[in-house]
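Asks: Here's a structure for you.
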Amino acid sequence: MQSMLREAVKTQKGFKAPSSFHHIKSLVPDYVGTGTKMGEGWLLTAEMLELVTSGVGNIVCTQPFGCLPNHIVGKGMIRKIKENYPNANIVAIDYDPGATRINQENRIKLMLSTAKLNFLKQSL
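Residues in the sequence shown are numbered consecutively from 6, following our numbering.
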């Protein structure tokens with residue numbers, strides 16, 4: 006099914022097909038073990054790495070329902086990804102009953118202003 010999806014997306018203009026599961030899994034060993042089962046485990050980190058290594062510099066990582074293991078693994082790996090890819094602009098946004106909408110929006114606005122500054126620096 007994944008191969009069929011990837012082929013269908015490749016034929017559409019303006020879309021980039023996701024990498025194969027095998028490729029995504031190969032990106033993560035220097036960050037977190039593939040046996041990690043907390044939260045989204047190693048997959049969240051691998052997907053962020055796939056985006057960063059394919060040229061996507063700005064990532065909003067949404068985390069629902071205050072998932073503590075995902076909060077720890079996901080946010081912990083964001084820092085390491087940023088250390089290895091200094092141009093990566095990644096922000097984690099929690100969507101749960103305790104998170105205020107204004108805080109979520111402000112974090113996204115801050116991320117967008119950083120993206121704009123990074124773009125302007127690269128343009129010079």
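For each residue, glycine too, the CB sits at the ideal point set by N, CA and C.
(1) Decide if A13 is buried, meaning its Cβ has at least 16 other Cβ atoms within 10 Å, or exposed.
(2) Using a Cβ-Cβ cutoff of less than 6 Å, which residues in the same chain neighbour A22 once the five nearest sequence positions on both sides are dropped?
(3) At what residues does the alpha helix (DSSP H) containing V14 begin and finish?
(4) Buried or exposed: which applies to L125, given that a residue is buried once 16 or more other Cβ atoms fall within 10 Å of its Cβ?
(5) Given this structure, state the Cα-to-Cα distance separating A116 from C66, to the nearest angstrom.
(6) Below 8 Å on the Cβ atoms is my contact criterion, and I expect N123 with N89 to pass it. Report the Cβ-Cβ distance as a whole number of Å.
(7) Looking at M82: is its Cβ nearer than 8 Å to the Cβ of I64?
(8) Is the CB-CB distance between T50 and V61 below 8 Å?
(9) Quick check on the DSSP output: the beta strand (DSSP E) that includes I96 runs from which residue to which?
(10) Can you tell me which residues form a DSSP beta bridge with N89?
(11) Check the DSSP bridge columns for N63 and list the partner residues they point to.
Replies: Per the coordinate set shown:
(1) One-based indexing of the sequence shown puts residue 13 at position 8. Per the 10 Å Cβ criterion, exposed.
(2) For the purposes of this step, residue 22 is identified with residue 17 of the sequence shown, where counting begins at 1. Once the five neighbours on either side are set aside, the close Cβ partners of A22 are R11, V14 and K15.
(3) To locate residue 14, count along the sequence shown from 1; it is residue 9. Where V14 is concerned, the enclosing alpha helix (DSSP H) stretches over Q7 to K15.
(4) Taking the first residue of the sequence shown as 1, we reach residue 125 at position 120. Classification for L125: exposed.
(5) Start at 1 with the first residue of the sequence shown, and residue 116 comes out as number 111. Start at 1 with the first residue of the sequence shown, and residue 66 comes out as number 61. A quick correction: the sequence has Met, not Ala, at residue 116. Computed Cα separation, rounded: 11 Å.
(6) Position 118 of the sequence shown holds residue 123. Position 84 of the sequence shown holds residue 89. Wrong, their Cβ atoms sit about 16 Å apart, outside the cutoff.
(7) Residue mapping note: residue 82 aligns to position 77 of the sequence shown, counting from 1. Residue mapping note: residue 64 aligns to position 59 of the sequence shown, counting from 1. In this structure, I64 does not lie closer than 8 Å to M82 by Cβ.
(8) Taking the sequence shown and counting its residues from 1, the one referred to as residue 50 is at position 45. Taking the sequence shown and counting its residues from 1, the one referred to as residue 61 is at position 56. Against a cut-off of 8 Å, the Cβ pair of V61 and T50 comes out as no contact.
(9) As a position in the sequence shown, residue 96 is number 91, starting the count at 1. Note on identity: in this sequence residue 96 is Val, with Ile being the wrong assignment. N94 to Y100 is the span of the beta strand (DSSP E), which, as asked, contains V96.
(10) Locating residue 89 in the sequence shown gives position 84, counting from the first residue. DSSP lists no partner for N89.
(11) As a position in the sequence shown, residue 63 is number 58, starting the count at 1. Per DSSP, N94.
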